[in-house]
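Residue numbers (the working numbering): 15 to 154.
Positions of the beta carbon are idealized from the N, C-alpha and C atoms, including for glycine.
In structure tokens form, the structure reads like this:
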């Protein structure tokens, strides 16, 4: 899901390019609103996670490249992540997977949020620089 038609179009193109067309569904929505409970096997997301104060200090070239809604995660940077996790616990079937791109400085906080919402077997994937970049877990 995405709110942006342009982002959805690009995602569809990428799925075709990588041979995944037909195995992935795309829907214009705000996070997981409108998704049938228990209907998803996996959710993979890159929610906005830059705190607003940090977003405002980003170089103009970065801010002009991406829409603000794609980067600005609210006052603490975790608002969209919390919302996604809350919605994912209903949308993902039991045993399904949630993968979220995170700010490497917030691993512990996002781990706690995922645990509170019923995700277990949590794991971290590091980026090429060795920093925590993706947090994953299975819905119980």
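The alpha helix (DSSP H) with residue 127 in it runs from where to where?
For residue 127, the uninterrupted alpha helix (DSSP H) run begins and ends at 121–130, by DSSP.
Proximity winner among 91, 102, 73, 28, relative to residue 153 (alpha-carbon distances):
The residue with the shortest Cα to Cα distance from residue 153 is 102.
Do you know whose CA, among 105, 134, 139, 127, lies nearest residue 54's CA?
If we check each option's Cα against that of residue 54, 105 comes out closest.
Which residue wins for smallest C-alpha separation from residue 138, given the options 130, 65, 115?
Among 130, 65, 115, the Cα nearest to that of residue 138 belongs to 115.
Given a cut-off of 7 Å, decide if residue 112 and residue 151 are closer than it, judged by their beta-carbon atoms.
A contact, by the Cβ cut-off of 7 Å.
Tell me, to the nearest whole angstrom, how far the beta carbon of residue 99 is from that of residue 58; I am working on the premise that it is less than 8 Å.
13 Å between Cβ atoms; not a contact.
Going by other Cβ atoms of all chains shown within 10 Å of its Cβ, with 16 needed for buried, is residue 50 buried or exposed?
Exposed, since its Cβ has fewer than 16 Cβ neighbours within 10 Å.
Do residue 63 and residue 141 come within 7 Å of each other at the CB atom, strictly closer than that value?
No, these two residues do not count as a Cβ contact at 7 Å.
Which residue wins for smallest C-alpha separation from residue 90, given the options 23, 46, 69, 15?
Ranking the options by Cα distance to residue 90, first place goes to 69.
Among 109, 147, 110, which one has its Cα closest to the Cα of residue 122?
Checking every option, the nearest Cα to that of residue 122 belongs to 147.
Does residue 120 pass the burial test, meaning 16 or more other C-beta atoms within 10 Å, or should it be called exposed?
It is buried - the Cβ of residue 120 has at least 16 other Cβ atoms within 10 Å.
Which of the three DSSP states, helix, strand or coil, is assigned to residue 34?
Three-state result, residue 34: coil.
Three-state secondary structure assigned by DSSP to residue 78
Three-state DSSP puts residue 78 in a helix.
Can you give me the start and stop residues for the beta strand (DSSP E) that residue 56 sits inside?
That run of the beta strand (DSSP E) goes 54–59.
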